[in-house]
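Novice:
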Amino acid sequence: MAAATASADDQTTTITHRTVELSTGVRLHLAEAGPSSSAAPTVLLLHGFPELWYTWRHQMRALAAAGYRAVAPDLRGYGDSDAPAVADPGQYTALHVVGDLVALIDDVLGGEKKQVFVAAHDWGALIAWSLCLFRPDRVRALVALSVAYTPRSAARKPVDGLMALFGDDYYICRIQGCAGKIWGLVLKFKIGPTRFRKIE
């Protein structure tokens, strides 16, 4: 790991990678920089859509230089993390993804008493807001970028709210249900590989 005295713009600050299996049964890819001690103040960095841990690479170096442990996971379904039962969107609710984050804090980052700072961007901010609501005892502070807090409504699905605000042409509204159709075409015409090889 990098020394806490490295400068924020030091490109030699090491970002390490590992995959951890959580008590939720999901394996998450983690990128980490800074002190490895669970006693170090930890900043959990949550990416948006369609992004990966890589979004945070520059901030990770700056945080490590300031003495923080910076941890940026590929969230469930992204990058090198597990993508459980893609055919079952119920596996990707905020409750499930927040469960992964709480398990990450408990299993890997310091135990049940650990509190983390959270910085989140885009769709990661929606997950961060849910983490703060569901488990405020695990969060010391939150910085949410580009997505303001929007209360959930039992009367309306989030996609319906987006459609009411932005119309049918908003990208999230347009892609609803497309994944199944695209996958059906891939299987029907055997377009491309069903598993992509990792490019280093």
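When the count follows UniProt numbering, it moves up by one through the sequence shown with no breaks and lands on 200 for the last residue.
Just so it is clear, CB atoms sit at the ideal spot from N, CA and C, and this is done for glycine as well.
Given the structure is predicted, the values throughout are model-derived calculations rather than measurements.
Would you kindly report the start and end of the unbroken beta strand (DSSP E) that includes M69?
Specialist: The sequence position of residue 69 within the sequence shown is 69, counting from 1. Reading off the sequence shown, one finds Arg at residue 69, where the question assumed Met. 69-73 is the extent of the beta strand (DSSP E) around R69.
Novice: Does the distance from the C-beta atom of D100 to that of H29 stay below 7 Å?
Specialist: Taking the first residue of the sequence shown as position 1, residue 100 is located at position 100. Taking the first residue of the sequence shown as position 1, residue 29 is located at position 29. No, the pair does not count as a contact, with Cβ atoms beyond the cut-off.
Novice: Considering only the alpha carbon of each residue, which of F117, R61, H96, A65 lies closest to V26?
Specialist: One-based indexing of the sequence shown puts residue 26 at position 26. With distances taken between CA atoms, V26 lies nearest to H96 out of F117, R61, H96, A65.
Novice: The alpha helix (DSSP H) spanning L63 covers which residue range?
Specialist: Locating residue 63 in the sequence shown gives position 63, where the first residue counts as 1. Taken as a continuous stretch (DSSP letters only), the alpha helix (DSSP H) holding L63 covers 57-65.
Novice: Comparing alpha-carbon positions, which option in A72, A128, H58, R57 lies nearest T42?
Specialist: Here residue 42 refers to the residue found at position 42 of the sequence shown. Of the candidates A72, A128, H58, R57, the one whose C-alpha sits nearest the C-alpha of T42 is A72.
Novice: Quick check: the Cα distance between T55 and I105, rounded to an integer number of angstroms?
Specialist: Reading the sequence shown from its first residue, position 55 is the one you call residue 55. Reading the sequence shown from its first residue, position 105 is the one you call residue 105. Near 21 Å, if we compare the C-alpha coordinates of I105 and T55.
Novice: Buried or exposed: where does T19 fall if 16 or more other Cβ atoms within 10 Å of its Cβ makes it buried?
Specialist: Against the sequence shown, residue 19 aligns to sequence position 19. Counting Cβ neighbours within 10 Å, T19 comes out exposed, since fewer than 16 surround it.
Novice: What residues in its chain sit with their C-beta under 6 Å from that of H17, if we drop five residues either side in the sequence?
Specialist: Here residue 17 refers to the residue found at position 17 when the sequence shown is read from its first residue. Within the same chain, H17 has close Cβ partners A31.
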